[in-house]
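Okay, structure first, notes after.
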Amino acid sequence: MSALALAGLILGVSLGAEQAPLPEGHQLLGQIETYQRKLFDRLAPSVVFVRSKEGFGSGFFVTAQGLILTNNHVVKDCKSVDVVLHDGRRLAGTVVARAGEDVDLALVQVPLQDTPAPPLESVKGLSVGAWVGSIGHGAGAVWTFNTGMVSNIYFDGMDRPVFQTQIPLNPGNSGGPIFDRLGRVVGVVTAGIKDANAMNFSISIDLARRTLKQLADSSDCLTILAPEKVPVFVDNVMVGAGPRVVLQAVPGKTYNVFAIIEGRMARASAAFPEIREVTLK
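Read in order, the letters of the sequence shown correspond to residues 13 to 293 in my numbering.
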């Protein structure tokens with residue numbers, strides 16, 4: 013048989029053969045891959061690289077005016093740090109607030125406007141098994157995207173200050189955002205357990221708002237001050253206890269706030285955002 017005839021035979025067999033069926037679920041997986049890629053493209057510019065004299069970590073913009081949230085252990089006792097943006101720009105950042113020794117959070121200000129800040133979301137709607145992701149600089153690998161799920165949520169009364177994820181994170185991810193499937197930041201990477209496989213902890217955005225007044229003031233939050241451990245109610249629902257309760261608020265809505273203080277009712281009405289802070293006494 014001539015080479016030409018053999019080639020024709022092979023071509024005919026190839027054309028006549030049925031294509032192998034694509035594996036079941038490939039379209040769904042493709043959609044997930046596309047969505048995650050778009051999520052990364054949208055959120056990566058909001059994440060920054062933070063370098064102090066003691067080391068480096070991650071952070072992210074929380075306002076359009078250049079305010080960055082990160083871990084206190086990333087900035088340590090520094091008054092200023094170096095900040096690198098996703099587009100390569102390098103800026104000097106000033107540490108403007110620290111949450112305190114027991115809460116590992118700090119705020120850094122850079123001289124920049126129109127910074128891309130993702131929405132912040134309470135963890136009250138978060139549950140074990142929920143998909144979460146993070147972008148940061150683990151082990152110096154910059155702007156790395158990792159995903160996982162919520163593996164535990166730790167309660168303190170009605171509050172949920174800390175939650176655990178099994179996202180694979182490393183030193184350098186500290187201070188970076190933990191976001192939900194909608195791209196809303198629900199927490200801040202803070203610590204991992206050495207020699208434990210993908211056992212990492214994050215501080216909730218709720219605790220960040222409660223301990224950093226500047227963060228609460230710069231976002232859509234209503235702050236309620238009340239005596240220590242006194243339960244606080246908003247629209248007949250208990251939302252926390254004094255001395256300070258911070259909750260996400262909706263512009264244009266009026267909130268009815270009350271507490272029972274020493275046997276008497278203390279009430280207030282807050283039309284948000286005209287009123288951002290209420291004191292019950």
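A virtual CB, placed ideally from N, CA and C, is assigned to each residue, including glycine.
CB contact flag (residue i, residue j, <8 Å)
i      : j      : result
Gly150 : Asn185 : yes
Gly187 : Ser58  : no
Val60  : Val96  : yes
Leu234 : Ala261 : yes
Ser216 : Arg172 : yes
Val290 : Ala283 : no
Lys91  : Val107 : yes
Ala56  : His98  : yes
Ala104 : Ala111 : no
Gly78  : Leu132 : no
Pro128 : Val197 : no
Outcome for residue i when other beta-carbon atoms lying within 10 angstroms are tallied against a minimum of 16
i      : result
Asn248 : exposed
Pro263 : exposed
Arg221 : buried
Glu36  : exposed
Leu259 : buried
Gly148 : buried
Proximity winner among the options, relative to residue i (alpha-carbon distances)
i      : options                        : result
Val120 : Thr266, Asn83, Arg101, Asp229  : Asn83
Glu286 : Ala271, Tyr267, Gly275, Leu292 : Tyr267
Thr223 : Phe52, Leu40, Val115           : Val115
N- and C-terminal bounds of the alpha helix (DSSP H) containing residue i
i      : result
Asp94  : Asp94 -> not in any alpha helix (DSSP H); beta strand (DSSP E) instead, spanning 92 to 96.
Asn84  : 84 to 87
Leu227 : 225 to 229
Close-in-space but distant-in-sequence residues of the same chain around residue i (CB under 8 Å, 5 per side omitted)
i      : result
Asn164 : Val140, Phe175, Gln176
Gln48  : Gly145, Phe157, Thr159
Ile273 : Ala238, Pro239, Val242, Leu292, Lys293
Neighbourhood of residue i by C-beta distance below 6 Å, restricted to the same chain and skipping five residues each side
i      : result
Phe213 : Val174, Gln176, Thr202, Ala203
Asp229 : none
Run of the beta strand (DSSP E) containing residue i, from where it starts to where it stops
i      : result
Thr357 : The displayed coordinates of the chain run from 13 to 293. Any statement about residue 357 would go beyond what the structure contains.
Phe52  : It is not in any beta strand (DSSP E) - Phe52 instead sits in the alpha helix (DSSP H) that spans 38 to 55.
Sequence-distant residues of the same chain with beta carbon closer than 7 Å to residue i, five excluded per side
i      : result
Val93  : Val62, Arg63, Ser64, Val87, Gly105, Val107, Val120
Ala109 : Ala118, Leu119, Leu224, Gln226
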